[in-house]
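As given, the protein sequences belong to chains A and B, one line each in that order.
Here numbering that gives the first Met the number 0 is used: position 156 in the first sequence is 155, and no number is missing along the way.
Here numbering that gives the first Met the number 0 is used: position 60 in the second sequence is 59, and no number is missing along the way.
Beta carbons are placed, not taken as given, at the ideal position from N, Cα and C, and that holds for glycine.
Here the structure comes first, spelled out in C-alpha cells, and everything after it is commentary.
Number of protein chains: 2
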Amino acid sequence: MYVMNEIDENSVYWWRPLDDAELDTRGKILTAAYREIHVNGFQSASLSNILARTGVTKGALYHYFPNKTELGYAVVDEVIARRIYLSFIEPLLRFDDPIDGFIELIQNAGKAFSLTDIELGCPLSVLAQEMASIDEGFRTRLTAIYDQWHSSIATVLERAQREGRIIATVDPYAMAVTIAAIMEGALCAAKVAQDMNKMHQCSYGLTQLLQLIKTDTGKG
Amino acid sequence: MYVMNEIDENSVYWWRPLDDAELDTRGKILTAAYREIHVNGFQSASLSNILARTGVTKGALYHYFPNKTELGYAVVDEVIARRIYLSFIEPLLRFDDPIDGFIELIQNAGKAFSLTDIELGCPLSVLAQEMASIDEGFRTRLTAIYDQWHSSIATVLERAQREGRIIATVDPYAMAVTIAAIMEGALCAAKVAQDMNKMHQCSYGLTQLLQLIKTDTGKG
DNA sequence: GTTGACATACGTACCGGTCGGTATTATAAA
DNA sequence: TTTATAATACCGACCGGTACGTATGTCAAC
C-alpha cells in the first residue's frame, strides 16, 4: 500500500511505502534528508537545514545515524532505491507486449514528469555524478540500483527477442544500457535547459529506436 | 596550436590552447580550479585546496576573481566550454561522410577515454547536475554549451538526410538530442559502475541506432 | 534502575571573503 | 635620463559564520 509523498506530490518519484517508520522521527529525518540531498547534493546538504525543516533535534539525528555519511547511505538504500524501483523498474515487469508496452511507458513519461522532476533532475544520477568518484560506499550502492535497472530492461528485451518481436542482431543487455542512458541523458538535458522539450525529443528518439529494432512480425 | 594538459594527459578533454595566459597566475588558478571542481563539484570545491595546489595566495585569487562564483563561471566559459568544443564538437565538422564518420568517432571513443575520464565523468554533466537547479548563471552557461553540441550533431544529421543517407522519418534535432543523451548517459553509467564496458555497450547501441537510420543508399 | 529516545550546549575545524600593506611595472612629465 | 605618479600584481593575517560532531542531561517506559 502506497500513498503520495507530501514533499513532491507531482513527482514521478513520489510513490513511497506507508509504514509506521515513515511517521516516526527516523522516517521524518530520512524524508527531509532525501529532499535536502536531492536539492543540494550530499556534500552540500546541511544537517542544520534537515533539522530545521523537521523540527527534530541534533541529538535525535545522531541517535539514529552515527554520522552524515551513514545518513546518506540510508537515504540511498531506503528512499532512492525504492523510488527508482517503483517508478522505473517495477512497471517494466507488467507489460503484456514487451516492446509496445515499453513504447507506451516512454511516451507517457513525457506527461508523468513534473516541473519539479525536470528542475531537480533524477536523484539517482545527481548523486551518482557527485559521489561515485568520492565515496566508495555511495558508489557501490548506486551501482546496485543501476545494475538492477539495466537487468530489468534487458529481461524485457530478451523476452521480446525470444518471441521474435525484435531483430536478432540486438544485444539485449547492451541495448538495455543504451536505453537507460537515453533516459538519464534526457533528464539531464531537460534539467539544464529547463525545458521539457529536450525530454520529449529524447522520448521521440527512443521510441524511434524501439520501432527500428522491431521485426516485421513485431510490427504486424 | 595545442599542447597536452599537464594535469590529465590521458584525458579526452586534454586539448587546450597554448597561450601566454595559460602560463600566468590567472591561468594557473583557472586550471587548478577546473580540476578541483571536476573532482569535488563546485559547492564543495575548496579555494584553500586550489591555492595550496598552485602556490598562489588568496590575495592573488581575489585580485583576478571577485568571488568564488565568478571563478566558477570563468572555469565554465574558458576551460570546460573549450574542452567540450575541441573534443566533441569540432571533430564533427570534419567528416566527409557524415554518418560513417560519426560511427567511426563513436567507436574510437571507447579507446580514447581514459580511466580518469571514467572515474571523474564528464565535467559538463557533473556541473550540470549539481548547479543547474541552484545557480542561474551556471545554468545558462552550461545550456549554451549543450545547445551548441546538439546543434552541431543536428547539422551533421541534416546534411546526411539531405544527401539521402538517412531515412526521412528521422527528426534531425530530436535525434541529435537523443544521441547526445546516449553519450552522456554512457559516461555516467561507466562512472558509477567504474567499468568501461558500460560505455562500450552504449557505444554499440548507438552505432546500431545509426546503422538503422541509414537508407539503403547510405548502406550501399 | 537500566534502556531507549530524545534535548541542549558546546567544540573545533574550515569555509569564503576582507583589508591594509608591499613590490613591481607602466606612464609621463621634467 | 631622471623623477613623480599611478596602476597592476600580489601577500597573508584576520574575520564572522557555518559545518559536523560530541558530551552531558532529561524523562518516560519497562
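Item	Value
For chain A, is any of its Cβ atoms less than 8 Å away from the one on residue 180 of chain B?	yes
So is residue 45 of chain B buried or exposed if we call it buried at 16+ other beta carbons inside 10 Å?	exposed
Quick one: residues in its chain with C-beta nearer than 6 Å to the C-beta of residue 137 of chain A, no 5 flanking neighbours on either side, listed in chain order?	130
So residue 92 of chain A is in the alpha helix (DSSP H); what residue range does that whole segment cover?	That residue, residue 92 of chain A, is in no alpha helix (DSSP H); it is neither H nor E in DSSP.
Taking a Cβ distance cut-off of 8 Å, strictly less, list which residues of the region 42-74 of chain A are near chain B, in chain order.	42, 43
Decide yes or no for the touch test of the region 210-217 of chain B against the region 146-153 of chain A: beta carbon pairs closer than 8 Å, at least 3 of them.	no
Would you say residue 26 of chain B faces chain A, with C-beta separation under 8 Å as the test?	no
Under 8 Å, do residue 199 of chain B and residue 58 of chain B count as touching if we go by C-beta distance?	no
So what does residue 165 of chain A bridge to, in DSSP terms?	A:213
Count the other C-beta atoms from every protein chain shown that fall within 10 angstroms of the C-beta of residue 92 of chain B, then say buried if there are 16 or more, exposed otherwise.	exposed
Where does the unbroken alpha helix (DSSP H) through residue 38 of chain A begin, and where does it stop?	24-39
Check whether chain A comes within 8 Å of residue 203 of chain B, counting only Cβ atoms and requiring the distance to be less than that.	yes
With DSSP as the reference, label residue 132 of chain A as helix, strand or coil.	coil
Can a CB atom of chain B be found closer than 8 Å to the CB of residue 95 of chain A?	no
Do we get a CB-CB distance below 8 Å when we pair residue 174 of chain B with the residues of chain A?	yes
With 9 Å as the C-beta to C-beta threshold (strictly closer), list the residues of the region 181-195 of chain A near chain B in chain order.	181, 182, 183, 184, 185, 186, 187, 188, 190, 191, 192, 193, 194
If we count Cβ pairs, one from each stretch, closer than 8 Å, do we get three or more for the region 153-166 of chain B versus the region 56-71 of chain A?	no
Cβ of residue 127 of chain B less than 8 Å from any chain A Cβ?	yes
Tell me, please, whether the CB atom of residue 157 of chain A is closer than 8 Å to any CB atom in chain B?	no
Assuming residue 187 of chain A contacts residue 176 of chain B (C-beta within less than 8 Å), just tell me the rounded distance between them.	At roughly 11 Å, the Cβ-Cβ gap does not stay under 8 Å, so residue 187 of chain A and residue 176 of chain B are not in contact.
Give the interface partners of residue 82 of chain A over in chain B, defined as CB-CB distance under 9 Å, in chain order.	In chain order: nothing, as chain B lies at least about 17 Å away.
Which residue comes first and which comes last in the alpha helix (DSSP H) that contains residue 58 of chain B?	57-63
Indicate whether the contact test is met: 3 or more Cβ pairs, each with one atom in the region 74-84 of chain A and one in the region 28-35 of chain A, closer than 8 Å.	yes
Can you tell me the Cβ-Cβ gap for residue 55 of chain A and residue 128 of chain B, rounded? I've got them flagged as a contact below 8 Å.	Not confirmed; about 28 Å, so no contact.
Under a Cβ-count criterion, where at least 16 other Cβ atoms within 10 Å of its own Cβ denotes burial, should residue 116 of chain B be classed as buried or exposed?	buried
If contacts are defined as beta-carbon pairs under 8 Å, then residue 104 of chain A and residue 123 of chain A qualify, I think. What distance do you get, rounded to the angstrom?	Not a contact, Cβ separation roughly 17 Å.
Hey, residue 178 of chain A and residue 214 of chain A: beta-carbon distance below 8 Å or not?	no
Measuring only between beta-carbons, confirm whether residue 170 of chain A sits less than 8 Å from chain B.	yes
Which residues bound the alpha helix (DSSP H) around residue 47 of chain A?	46-53
Are the C-beta of residue 138 of chain A and some C-beta of chain B separated by less than 8 Å?	yes
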